[in-house]
Amino acid sequence: MDLVFIGGSLRPGSLNRRLMGYLARAASARGHAVQVFEGEHLRLPLYEDGLPIPAPVAAMAEALRTCQGAVIVSPEYNAGIPGHLKNALDWLSTQRPSPWTGLPILLAAASPGAFGGSRGMLSWRASLANVGAWTAPGAITVPKADASLAEDGTPVEERTILEVSRVLDAFFAGAERMGRSR
Ligand SMILES: Cc1cc2nc3c(=O)[nH]c(=O)nc-3n(C[C@H](O)[C@H](O)[C@H](O)COP(=O)(O)O)c2cc1C
């Protein structure tokens, strides 16, 4: 499958970007083609009607339209979606045809906190439902991620590696079954 990964914060040491690197490598190792959008791709002007479409928005929209699944790896800010990622979602939702329609999505989050970014996912689920994407019921959360992820994003604990692998495999199988066309 063609898969798109979007996420991380804008800071260089982003734990979510680290986690996304690990997940993207895991997807590649399973034979999937992976495109990753992070960092500068997500440093977008605030959405405003009439502004020219930023090049990264056009690139992400095209990648999302033609992929079979996407993984969003998002920090949780104040129990919700961080501004830069909500802004990217909003920009993308203005594109036609909508890149979100019928797109299977897996949510993932890492946080130094105890809840692993799980509360922010409630906001993600509401917004993704609104734009017509299919968000998988399972999700990946990594609590205490400053200690539980290695520098390269690999979970330190073996049982986390196994659980992440199980959620990834379930998502890939579900997305294959949905068979979104290219
Ligand atoms: C404005 C702001 C709000 C935050 N709110 C939460 C929160 O609600 N829940 C949480 O687990 N962490 C929260 N954090 C801490 C982030 O999870 C932490 O900074 C994390 O490292 C951000 O992800 P990153 O490492 O990918 O940059 C917040 C951080 C900031 C800057």
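Residue numbers (the working numbering): 1 to 182. Where is the CB? At the ideal position from N, CA and C, for every residue including glycine.
- Message: Can you check which of these residues, R177, P155, A59 and A108, is closest to L92 by C-alpha distance?
- Response: A59
- Query: Relative to the alpha-carbon of V164, which residue among P45, H32 and A109 has its alpha-carbon at the smallest distance?
  - Reply: A109
- Task: May I ask you to check if the CB of E76 is nearer than 7 Å to at least one heavy atom of ligand 1?
- Result: yes
- Are the region 20-39 and the region 64-73 in contact at 8 Å, needing three or more beta carbon pairs? yes
- Message: Using 8 Å as the cut-off, can you tell me whether the region 144-164 makes contact with the region 104-119, which would need three or more C-beta pairs spanning the two stretches below that distance?
- Response: yes
- Item | Neighbourhood of M178 by C-beta, 6 Å cutoff - its chain only, sequence neighbours within 5 removed | P104
- If we call anything under 8 Å between Cβ atoms a contact, is V131 one with S98? yes
- How many Å lie between A129 and G113 at the Cα? 26 Å
- Task: Can you grab the Cα-Cα spacing for the pair E176 / L42, in whole Å?
- Result: 27 Å
- Item | 4-residue-minimum alpha helix (DSSP H) runs that sit fully inside the region 41-120, ordered along the chain | 55-66 and 83-93
- Query: Does at least one heavy atom of ligand 1 sit under 7 Å from the Cβ of A79?
  - Reply: yes
- Item | Own chain partners of A150 with C-beta closer than 7 Å, once the 5 adjacent residues on each side are dropped | V156
- Of the residues G83, L168, L51 and A26, the one placed nearest S123, counting alpha carbons only: G83
- Item | Near ligand 3: S111 beta-carbon under 7 Å from a heavy atom | This structure lacks ligand 3; the ligands present are ligand 1.
- Query: Using CA coordinates, which residue listed in P52, G120 and A61 is at the minimum distance from Q35?
  - Reply: A61
- Enumerate in chain order the residues of its own chain whose CB-to-CB distance from E40 is below 8 Å, with the five nearest sequence positions on each side excluded. P56
- Just to confirm, does N16 get its C-beta within under 7 Å of one of the non-hydrogen atoms of ligand 1? yes
- Message: Nearer than 7 Å: is that true of the beta carbon of G8 relative to any heavy atom of ligand 1?
- Response: yes
- Is G117 near ligand 1, going by C-beta to nearest heavy atom under 7 Å? yes
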